[in-house]
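Under the numbering used here, think of the first position of the sequence shown as 5, with each following residue one higher. See below for the structure under consideration.
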Amino acid sequence: MRRLKEKWKIDSNLQMTIIFIVFAITGSTTVKITSPLMTFIGVTKQDTPLALYWMVSILCSLIVYQILLISFGTLFGQFAFFWKFEQ
């Protein structure tokens with residue numbers, strides 16, 4: 005834990021806890037949002053070749069994850085950390 009705090013330049017255990025919570029919420033929300041988003045844009049397993057479906061799914065997940073990570077990080081007061089983390 006100490007090495008991670010040094011690597012991320014984090015001062016407190018509370019900040020570390022908040023960061024882990026943001027990662028957890030972001031991951032869970034991404035999974036929930038990606039499936040309906042895929043359906044909305046018209047990409048379904050039944051109508052799309054499987055390889056194309058998974059490529060689009062992964063691309064959508066990555067984009068949604070990046071947006072949500074910055075959004076939730078900002079809501080939890082950790083914008084600077086997550087902005088640097090994304091870059």
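For every residue, glycine included, the Cβ atom is placed at its ideal position computed from N, Cα and C.
Non-local C-beta neighbours of Leu72 in its own chain, meaning closer than 7 angstroms and more than five positions away in sequence, comprise Thr30, Thr33, Thr34, ordered along the chain. Gly46 sits in coil when the DSSP states are folded into three classes, being neither helix nor strand. Contact check between the stretch 62–77 and the stretch 33–49: three or more CB pairs, one atom from each, fall below 8 angstroms, which counts as touching. Taking C-beta separations shorter than 8 angstroms and ignoring five residues to either side along the sequence, the partners of Gly81 in its chain run Ile22, following chain order.
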